[in-house]
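Just so we're aligned, residue 1 is where the first sequence starts under the UniProt record's numbering, counting upward by one. The structure appears below as structure tokens.
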Amino acid sequence: MDHSRTIIHIDLDCFYAQVEMNKNPSLRTVPLGIQQKNIVVTSNYTAREFGIKKCMLIPEAKKLCPSLVLVNGEDLHDYRQTSYKVTNLLQKYTPLVERLGLDENYLDVTTLINEKLNQKSDLKLVGNVFGDTSDKCECGCTERLIIATTVAQEIRDVIKSELNLTSCAGIAHNKLLAKIAGARHKPNQQTVVFPNSALELILSLNAPNDIPGIGRALFEQLKCIGVETIEELQNVDLKRLETVLGQDKAKLVHELSLGIDKSGVKPTGKPQSIGLEDSCRSISVETEVKIKLEQLLNRLLLLVEEDGRVPKTIKLTVRKFNKDNKMSHRETRQCNVNPSIFSSSQPNKEAKIMTTIMHLFNRIIDVKKPYHITLLGLSFTKFQEPPKNTLASFLRKDLEVQSVLSIENQNGVEDAESPVPSTSKLAPTEGESPTPSPKKLKLTNLVSKKRCFEDYYEDCESPSKLKVADLCLDSVSCPPDADKEVFKELPKEVQKELWEDYKRRRASEMNFCSSQVKKTKPNTLLNYFIRNN
DNA sequence: TGGGGTCCT
DNA sequence: AGGACCC
1 MDHSRTIIHI DLDCFYAQVE MNKNPSLRTV PLGIQQKNIV VTSNYTAREF
51 GIKKCMLIPE AKKLCPSLVL VNGEDLHDYR QTSYKVTNLL QKYTPLVERL
101 GLDENYLDVT TLINEKLNQK SDLKLVGNVF GDTSDKCECG CTERLIIATT
151 VAQEIRDVIK SELNLTSCAG IAHNKLLAKI AGARHKPNQQ TVVFPNSALE
201 LILSLNAPND IPGIGRALFE QLKCIGVETI EELQNVDLKR LETVLGQDKA
251 KLVHELSLGI DKSGVKPTGK PQSIGLEDSC RSISVETEVK IKLEQLLNRL
301 LLLVEEDGRV PKTIKLTVRK FNKDNKMSHR ETRQCNVNPS IFSSSQPNKE
351 AKIMTTIMHL FNRIIDVKKP YHITLLGLSF TKFQEPPKNT LASFLRKDLE
401 VQSVLSIENQ NGVEDAESPV PSTSKLAPTE GESPTPSPKK LKLTNLVSKK
451 RCFEDYYEDC ESPSKLKVAD LCLDSVSCPP DADKEVFKEL PKEVQKELWE
501 DYKRRRASEM NFCSSQVKKT KPNTLLNYFI RNN
């Protein structure tokens, strides 16, 4: 077996509740529930002592705990923001950070651990251990996992000190085991599991669908062939499993049941979609539909503006009333939109977008017949170009021009555009814990977001006129797409970053163009900035 | 049972 | 466009 990787799973404790308690510290001392419609989606640990459970109905929760304080958590904006702050912190340890929902992250710390291994730091196991450790694997994984317990503790300490959030961590040689182990001791604790305890850990779960990756549908299929417990799944005849699941799925599921998980930690880049939903008792007239969708659209436009990218398609989701318990049944329709519609200079773009949304709506609902809608959702997908969250993006004058200059982020790998150079990444570390990087320069407040478009072509040289040689010089000059007057006033360091950013973008363009023509990868600057390629 | 997301078919 | 999975 291969135990060469070291994975840490970080899970924020009752995440929404923690965010609300940080916003309003007086909530810390009371039983707190986060409410979405008629449901308590999560609660703080004070409330849990009353027996409040995830996804409990409000009346039931109130009966268990009449003093329960409820905060509405239907707008995820603040949770999403905090969530990304956590992920950004984690990315200082390794670029291999994968998000799962808003409150979980996987880290592949293999490289970092191997570096620490060479430094001969003393082996001190921190936190809980799952299972018995008398039978020790000799492949080296034991030492690696022990070092990782210290790293996990450091990471949790930083999340606490920087963001005032407590979390749990699971440490193992794969994602599956790390996640399951982390849930053993909650809250604000961590657990390591060694390979020899993998089977025991999996068997400690109650049912096959407690294994991440085995959901309701798979569980039902398993039942059909008489597999109801994890033990039965572990011992099932593979051929029989294949008859219902097919070869690939059968192998995967069987391996999961044995604690084997070969899946890698996939760096999560920018979201593939940004959407909003609103459930409701009943909507059956068109004006109400319009009002709801307008609300959703206005909120969504703000989110997309924050994101910085421009979407190319829009998707409408409708859930019709269904007396059967098929609550999950939704219908969607999508269409492409001209990205120019999102331009800030576009006069009443809301109305224009609403027109296409209502067109989608009419593809799902025949408004001449009675209807009964219980959910409306709107989402934007297929974004143009990766946004460049750098100082440069701020000074760039025109979104449309920007889109011409940029390329799609083809593999979703982090694009080396982090405003703070991730120092600890792959470079050898100095042995101490990763120090928080210097505070980001908050240009947001320094530079007005107002951009003027008119003089772009007069003011700037065409990028195509820039010679490749310019890109290789050490000297720093003003990128053609930045405001020269503003640029002059900036500190030298900032000027340098803007110029570096511009060079990177130029390099990307060059590679983009040539790779369209010939399949071979030219040895451009880009190769230094794009990994896994 | 909410309000999100991902990837595969 | 839907369905599986995840939180």
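Built from N, CA and C at the ideal position, the CB exists for glycine as well. As the structure is a computational prediction, the values presented were derived from the model and not from experiment.
Per the C-alpha coordinates, the member of Q35, I34, E20 positioned closest to R28 is E20. Counted as a single uninterrupted DSSP element, the alpha helix (DSSP H) harbouring D248 occupies residues 247 to 257. In this structure D261 is buried. Its beta-carbon is surrounded by 16 or more other beta-carbon atoms within 10 angstroms. Residue pairing by DSSP places P311 opposite F383 in a beta bridge. Assignment of M1 by DSSP, reduced to helix, strand and coil, places it in the coil class. About 6 Å separates the Cβ atoms of A181 and A172, confirming a contact at the 8 Å cut-off. For V69, the three-state secondary structure derived from DSSP is strand. Non-local beta-carbon contacts of L57 in its own chain, meaning distances under 7 Å to residues more than five positions away in sequence, involve N38, I39 in chain order. Look at F50 here: in three-state DSSP terms it is coil, with no helix or strand label. Bounds of the beta strand (DSSP E) holding F130 are 128 to 130.
Between the alpha carbons of L12 and S167 lies a gap of roughly 4 Å. Taking a cut-off of 8 Å on C-beta distances, the region 245 to 253 does not touch the region 285 to 294, as fewer than three cross pairs fall below it. Take R99, set aside five residues on each side of it, and the residues of its chain with a beta-carbon closer than 7 Å to its own are T87, N105, T268, in chain order.
For E104, the secondary structure class from DSSP, reduced to helix, strand or coil, is strand.
With 16 or more other Cβ atoms from the protein chains shown falling within 10 Å of its own Cβ, A47 counts as buried. Collapsing the DSSP output to three states places H9 in a strand. Going by DSSP, Q272 is part of no alpha helix (DSSP H) at all; its letter is neither H nor E. Three or more beta-carbon pairs drawn from the region 313 to 323 and the region 333 to 347 are found closer than 8 Å, and the two stretches are therefore classed as touching. Between D108 and I7, the C-beta gap is smaller than 8 Å, which places the two residues in contact. By the Cβ test, the region 188 to 201 is not in contact with the region 211 to 231, since fewer than three Cβ pairs between them sit closer than 8 Å. Beta-carbon to beta-carbon, R330 and R319 are separated by about 5 Å, close enough to satisfy the 8 Å threshold. Taking C-alpha positions only, N174 is separated from Q36 by approximately 34 Å.
Closest in C-alpha terms to L145, from the list V129, I159, R156, S134, comes V129.
Boundaries around Q36 are those of the beta strand (DSSP E), 32 to 36, since no alpha helix (DSSP H) includes it. Of the other Cβ atoms in all chains shown, 16 or more fall within 10 Å of the Cβ of N44; this residue is therefore buried. For S121, there is no enclosing beta strand (DSSP E), as DSSP marks it with neither H nor E.
By the criterion of at least three beta-carbon pairs nearer than 8 Å, the region 269 to 289 is not in contact with the region 343 to 351.
Under the three-state reduction of DSSP, E154 is assigned to helix. Shown here for G259: same chain residues with a beta carbon closer than 7 Å to its own, the five before and five after excluded, namely L176, L177, A198, L199, L201, I202 in chain order. Distances from the CA of N118 to each of L376, Q91, I147 were compared; the closest alpha carbon is that of I147.
Taking the Cβ atoms as the reference, V265 lies roughly 27 Å from F380, outside the contact range of under 8 Å. When DSSP states are grouped into helix, strand and coil, S43 belongs to the strand group. Cβ contact annotation for V193 (same chain, cutoff 6 Å, sequence separation greater than five): F130, A172, L177, A181, L201, in chain order.
Inside the region 172 to 253, DSSP marks whole beta strand (DSSP E) runs of 3 or more residues at positions 190 to 193, from first to last along the chain.
In the DSSP assignment, N22 falls within the unbroken alpha helix (DSSP H) covering 15 to 23. Burial state of C55 is exposed, judged by a 10 Å Cβ sphere holding fewer than 16 other Cβ atoms.
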